[in-house]
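Chains as they are written, first to last, in our numbering: chain A, 132 to 398; chain B, 132 to 398; chain C, 132 to 398.
Virtual Cβ for every residue (Gly too), placed ideally from N, Cα, C.
Working notes, beginning with the structure itself.
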Amino acid sequence: MEDHQLVKNKWLELLQFPLQGRSQKPRQKGLTMILDKGLGVEETRGLLETAGAYIDMIKLGFGTSALYPQKVLQEKIGLARYYGIDIYPGGTFLEIALHQDKLKEFLTMAKTMGYTAIEVSDGTVSISPEVRASAVAQAVDHGFKVLTEIGKKNPLDRVPIEKSLEQIHADLKSGASKIIVEGRETGKNTGLYDREGHIDRNHVALMLSAVDKPERIIWEAPLKEQQQELILDFGPDVNMGNIPPLELIALEALRVGLRGDTLRSIL
Amino acid sequence: MEDHQLVKNKWLELLQFPLQGRSQKPRQKGLTMILDKGLGVEETRGLLETAGAYIDMIKLGFGTSALYPQKVLQEKIGLARYYGIDIYPGGTFLEIALHQDKLKEFLTMAKTMGYTAIEVSDGTVSISPEVRASAVAQAVDHGFKVLTEIGKKNPLDRVPIEKSLEQIHADLKSGASKIIVEGRETGKNTGLYDREGHIDRNHVALMLSAVDKPERIIWEAPLKEQQQELILDFGPDVNMGNIPPLELIALEALRVGLRGDTLRSIL
Amino acid sequence: MEDHQLVKNKWLELLQFPLQGRSQKPRQKGLTMILDKGLGVEETRGLLETAGAYIDMIKLGFGTSALYPQKVLQEKIGLARYYGIDIYPGGTFLEIALHQDKLKEFLTMAKTMGYTAIEVSDGTVSISPEVRASAVAQAVDHGFKVLTEIGKKNPLDRVPIEKSLEQIHADLKSGASKIIVEGRETGKNTGLYDREGHIDRNHVALMLSAVDKPERIIWEAPLKEQQQELILDFGPDVNMGNIPPLELIALEALRVGLRGDTLRSIL
């Protein structure tokens with residue numbers, strides 16, 4: 132790892148993290164993905180200088196990639212790469228490309244601009260299993276790390292859980308490296324969370340039953356109580372996504388027991 | 132429009148906005164007003180570099196204008212003007228000036244400092260129709276774009292709807308260019324929204340009945356569900372205010388269908 | 132006070148604050164403590180340039196002190212001191228030091244790094260009255276301003292109110308200069324606030340009964356309605372803590388009546 136990515140904090144010469152076992156970057160588990168809804172260049176730089184060691188992936192939410200001045204977009208992508216962070220456009224943006232029959236051009240342009248990962252989802256646009264499999268495979272062929280998302284954004288669009296489990300198997304077979312479970316930005320009223328944001332443990336168990344190892348799954352967990360519960364259940368190295376940038380350091384504190392809510396578990 | 136205000140984003144060479152018809156700056160409809168509760172100079176600069184094309188008005192909320200170091204205030208005003216954005220003190224501040232019998236001096240000082248617009252309201256301080264009409268007219272005379280606000284901040288102060296409709300007519304006659312419908316910062320428990328933040332469609336219809344064209348009205352809509360509903364009802368070019376700066380790009384994504392919640396409407 | 136800490140705002144040559152009597156820095160009452168959950172260096176600088184006159188204390192929340200790159204941490208501490216602001220690690224961090232039997236080393240390292248205050252709490256870790264008294268006394272001996280916190284983070288850990296009152300007496304005797312009443316980051320479901328965040332006035336009265344003067348207490352009040360109620364009850368110079376940095380200027384507007392919710396009280 133390059134020097135600018137190391138956190139040399141003197142407190143760590145004195146105190147131990149209450150929860151042990153947190154992995155360092157580059158890591159395969161314990162990933163944190165932030166949902167970037169419009170950070171400027173200097174904000175991004177400040178965030179990464181402060182907390183780059185705790186970010187593994189940046190999602191430029193929804194289709195916001197198309198709304199930045201090109202220069203701003205390129206600088207954001209460059210900063211992410213400098214800090215060893217994967218950066219990708221939100222799944223909705225690829226859904227739009229598919230809907231406009233521009234998948235190949237989309238992948239080529241994303242590659243040219245420097246994105247390092249691609250999310251394939253059908254949260255809003257309906258996509259056949261064949262098209263989905265092909266999209267994953269093409270993204271892999273273009274050299275991207277491919278993440279697929281399971282879940283619908285609108286409760287009216289929900290599908291039977293068996294269909295989701297089949298989708299996970301198919302995605303992994305097509306070359307996806309991680310499966311993202313939809314939590315939306317609000318963390319409420321998705322398959323994973325009820326209307327108050329409480330985790331449906333049955334849903335969690337079913338998702339886990341479909342993968343070869345738990346770290347295959349990234350749980351979108353925007354709310355603190357969700358993060359806390361996932362850490363208490365699965366330990367510091369559970370993968371979490373849709374983290375608001377302002378909550379990033381607070382999340383890392385939860386992971387390692389530097390906050391009351393998880394510290395309490397070891398007393 | 133000057134070059135620094137153009138968004139040249141390469142994705143737009145490839146993909147189309149799912150919702151078409153969004154106006155470019157300078158525009159008369161589709162206005163976005165942000166509620167600035169204390170951005171610093173560099174934060175403001177970063178916001179405008181990133182999203183200046185999507186902001187039409189900046190309100191320095193309540194009386195916060197009086198709390199900035201003068202240099203910070205002047206730089207903020209200068210940045211807004213450079214990006215072709217109207218900037219004005221919150222309506223409460225003018226109410227205080229009226230209450231302290233300093234309207235004329237208030238307008239002169241606002242002009243000297245470089246504010247380009249004035250909001251006339253009676254959200255907290257009671258103002259007679261004559262004083263309100265005079266305040267609007269004097270602000271117009273000073274060369275300001277004048278916005279008036281309809282609605283009371285405290286539910287206990289509510290007035291009959293007929294009085295609000297008369298007020299709209301009077302404001303337009305006095306020279307107001309836009310009518311702002313109160314939504315507060317919370318988006319809850321105003322005339323326009325109920326305690327959960329749901330839009331009262333009857334209230335919307337009544338407000339619209341009082342103006343010559345829909346774009347005369349700016350709806351304060353701080354919550355995403357409110358923004359989404361207004362866009363689905365009135366299209367991408369509905370005027371919205373009290374947008375939190377952090378939500379600005381996400382709002383623009385909603386306007387043009389780059390987010391699931393509005394994208395879904397065209398599928 | 133040094134020149135860079137003065138707010139010279141020209142509006143104040145014209146208008147008076149509706150609520151009078153707000154103290155200037157350095158002040159003994161009317162303190163505002165912000166909860167910093169991960170601001171970067173430039174964000175901190177921007178915040179202090181904009182609103183340094185309204186901040187008396189910065190708490191680096193929970194154990195986040197251990198998560199910053201050392202250079203970032205040192206620059207943040209330096210900026211706080213330049214603006215005449217006390218800065219200290221969250222109480223949970225000291226609880227961890229006590230739990231790992233490193234109190235003395237903790238205080239020495241905090242002094243070396245430049246923190247100016249220490250919070251002693253038992254929000255998560257159980258600490259005997261003797262250890263608590265000793266920790267306060269040792270922190271005073273190291274030259275720190277000492278704040279102690281009353282309250283448990285987890286509702287299951289609550290203690291009888293009489294024990295809290297005894298704790299306040301003991302803390303003051305040991306050398307604490309201020310007593311912080313726990314409000315958490317959420318402002319809900321603590322001893323002070325119910326599940327909806329409403330203040331328990333009986334709890335307030337009991338806390339006040341235990342101190343020699345009201346300004347001895349800092350009320351953690353993260354939600355606007357709580358801030359508003361405290362100002363309406365105790366005036367502009369009530370001490371408040373756990374203020375989100377983004378709400379700082381809005382809080383100051385509330386304090387001096389530049390916002391409808393407190394302005395209304397003097398009409």
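- At least one beta carbon of chain C lies nearer than 7 Å to the beta carbon of L198(B).
- Judged by DSSP in its simplified three-state form, K309(C) adopts strand.
- The beta carbon of L382(C) sits no closer than 7 Å to any beta carbon of chain B.
- Between K207(C) and chain A, the shortest Cβ-Cβ separation is not below 7 Å.
- For Q147(C), no Cβ of chain A is located within less than 7 Å of the residue's own Cβ.
- Going by C-alpha positions, P260(C) is about 56 Å away from G194(A).
- With respect to I374(A), A182(A) sits apart: the two C-beta atoms are not nearer than 7 Å.
- Across the segment 266-278 of chain B, no CB contact with chain C closer than 9 Å is found for any residue.
- Along the segment 174-186 of chain B, going in chain order, the ones with a CB nearer than 7 Å to a CB of chain A are G177, L178, E180, T181 and A182.
- I208(C) places its beta carbon less than 7 Å from that of I218(C).
- Less than 7 Å separates the beta-carbon of E280(A) from that of E250(A).
- Using a C-beta cut-off of 8 Å, the segment 136-156 of chain C makes no contact with the segment 337-350 of chain A, since fewer than three inter-stretch Cβ pairs fall below that distance.
- When C-beta atoms of the segment 235-245 of chain B are compared with those of the segment 272-288 of chain B, three or more pairs fall below 8 Å, so the two segments count as touching.
- Within the same chain, and ignoring the five residues on either side of S396(C) in sequence, the residues whose Cβ sits closer than 7 Å to its Cβ are L363.
- The residues D331, in chain order, have a CB closer than 7 Å to that of D325(B) in the same chain once the five nearest residues on each side in sequence are set aside.
- K284 and N285: these are the residues of the segment 284-310 of chain C whose beta carbon lies less than 7 Å from some beta carbon of chain A, given in chain order.
- DSSP places K294(C) in the helix class (H, G or I) of the three-state scheme.
- Residues of chain A whose Cβ lies closer than 7 Å to the Cβ of N373(B) do not exist; the shortest such Cβ separation is about 17 Å.
- Ranking P367(B), L377(B), M371(B) and G372(B) by CA distance to the CA of F148(B) puts P367(B) first.
- Counting along the chain, T223(B) sits inside the alpha helix (DSSP H) bounded by residues G222 to H230.
- For E180(B), the uninterrupted alpha helix (DSSP H) run begins and ends at V172 to A182, by DSSP.
- In the structure shown, V251(B) falls within a strand segment according to DSSP collapsed to helix, strand and coil.
- CA-to-CA, the gap between T321(A) and T247(B) works out to about 44 Å.
- With respect to the 7 Å criterion, E383(C) and L198(B) are classified as neighbours on the basis of their beta carbons.
- Taking the Cα of G372(C) as reference, the smallest distance to any Cα among A336(C), E316(C), M338(C) and P291(C) is reached at E316(C).
- Between L278(B) and the set K168(B), I299(B) and K202(B), the nearest pair of CA atoms involves I299(B).
- Not flagged as an interface residue toward chain A: Q151(C), since no C-beta distance is shorter than 7 Å.
- Within the segment 234-288 of chain A, the beta strand (DSSP E) runs of at least 3 residues that lie entirely inside it are, in chain order, 248-251 and 276-281.
- By the criterion of a C-beta distance shorter than 7 Å, L162(A) is surrounded in its chain by D187, M188, I349 and N370, once the five residues flanking it on both sides are discounted.
- Counting only residues of its own chain and dropping the five nearest sequence neighbours on each side, E226(A) has a CB closer than 8 Å to the CB of S252, D253, G254, T255, V256 and I258.
- The alpha-carbon of E360(C) is positioned some 14 Å away from that of G314(C).
- Taking 8 Å as the Cβ-Cβ cut-off, the segment 221-246 of chain A approaches chain B at T223, F224, E226, I227, A228, H230, Q231, K233, E236, F237, M240 and M244, given in chain order.
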